[in-house]
Amino acid sequence: MNARLNRSAPALVLIRTELPPKAKLDAGFTLIEVLVALVILSIGLLGTAGLQLASLRESKNTLLASQAAALAYSLADMMRANAAAVNTGGYDFNPETDTPPDPASLPDCSSSCSPSDIASFDLNQWYRQVAHSLPSGNARITCEAAESGDACPASGAVRTITVFWNPNRTAAAAQKDFSCGKNNAGKGTTNSTNALTCVVIGLQT
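In the numbering used here, the protein residues as written are 25 to 229.
Right under this line is the structure:
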């Protein structure tokens, strides 16, 4: 008996898969995600800009401090060269009570000048440099003993040169308080009181 084997061809099965709703949402960036990324990037850029502005401001203050120190040491050199006028108070100056010498009243030193005349000339030229180089620039030159209420000695006294400026560029006419560094006898250091910044040096003739 012959048996016939019937072999049918395998059926072709199509499998269709669909992503669940959550998988579809995770497949790409949404508008909300993009907006959040932009907000984070904006905050980072603002922080970087703030750091750059602070760095520029600090660089400017450092430059002003260097200029003030150079001006203070410049006057100290003038005073060393004219010790006779220093000992008689020819260079003493208080912005709260004194005014700088008027250029029109300065003596003609083309031939000869007394130590007092030279002091008036030096102080006038130097004070104008301070006012021109520093925002709301001002200065005080005092006898250290007189600051404590004692009599200033005729020789060997220590003079304190204080250069002020206002980094906030407040108008000089509005500045009435010149106490910055007055009670801080840190020679060769910078001090900050109220709105003013100072450089203070000491000179003994």
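Positions of the beta carbon are idealized from the N, C-alpha and C atoms, including for glycine.
What do you get for residue i, buried or exposed, if any count of 16 or more other CB atoms within 10 angstroms of its CB means buried?
| i | result |
| --- | --- |
| Val60 | exposed |
| Ile56 | exposed |
| Gly114 | buried |
| Thr166 | buried |
| Leu227 | buried |
| Gly74 | exposed |
Note down the Cα distance separating residue i from residue j, rounded to an integer number of angstroms.
| i | j | result |
| --- | --- | --- |
| Val182 | Met103 | 12 Å |
| Ala93 | Ser135 | 32 Å |
| Ala155 | Val58 | 54 Å |
| Gln91 | Val187 | 10 Å |
| Ala89 | Cys222 | 8 Å |
By the DSSP assignment, the alpha helix (DSSP H) with residue i in it spans what residues?
| i | result |
| --- | --- |
| Gly71 | Leu55 to Ala105 |
In this structure, how does DSSP classify residue i when only helix, strand and coil are distinguished?
| i | result |
| --- | --- |
| Leu147 | helix |
| Asn207 | Unreliable placement is indicated for Asn207, whose pLDDT of 37 sits below 50; the coordinate value is still reported in the next sentence. Here Asn207 sits in coil by DSSP. |
| Asn111 | helix |
| Pro127 | helix |
Rounded to the nearest angstrom, how far is the Cβ of residue i from that of residue j, given a contact under 8 Å?
| i | j | result |
| --- | --- | --- |
| Ala109 | Pro139 | 4 Å |
| Pro159 | Asn85 | About 11 Å; that fails the 8 Å criterion. |
Ends of the beta strand (DSSP E) at residue i?
| i | result |
| --- | --- |
| Asn162 | Asn162 to Cys167 |
| Leu227 | Leu220 to Gln228 |
| Thr186 | Val182 to Trp189 |
Flag residue i as yes if its beta-carbon sits less than 9 Å from any beta-carbon of chain C, otherwise no.
| i | result |
| --- | --- |
| Asp101 | In the displayed structure, chain C is absent; only one protein chain is listed. |
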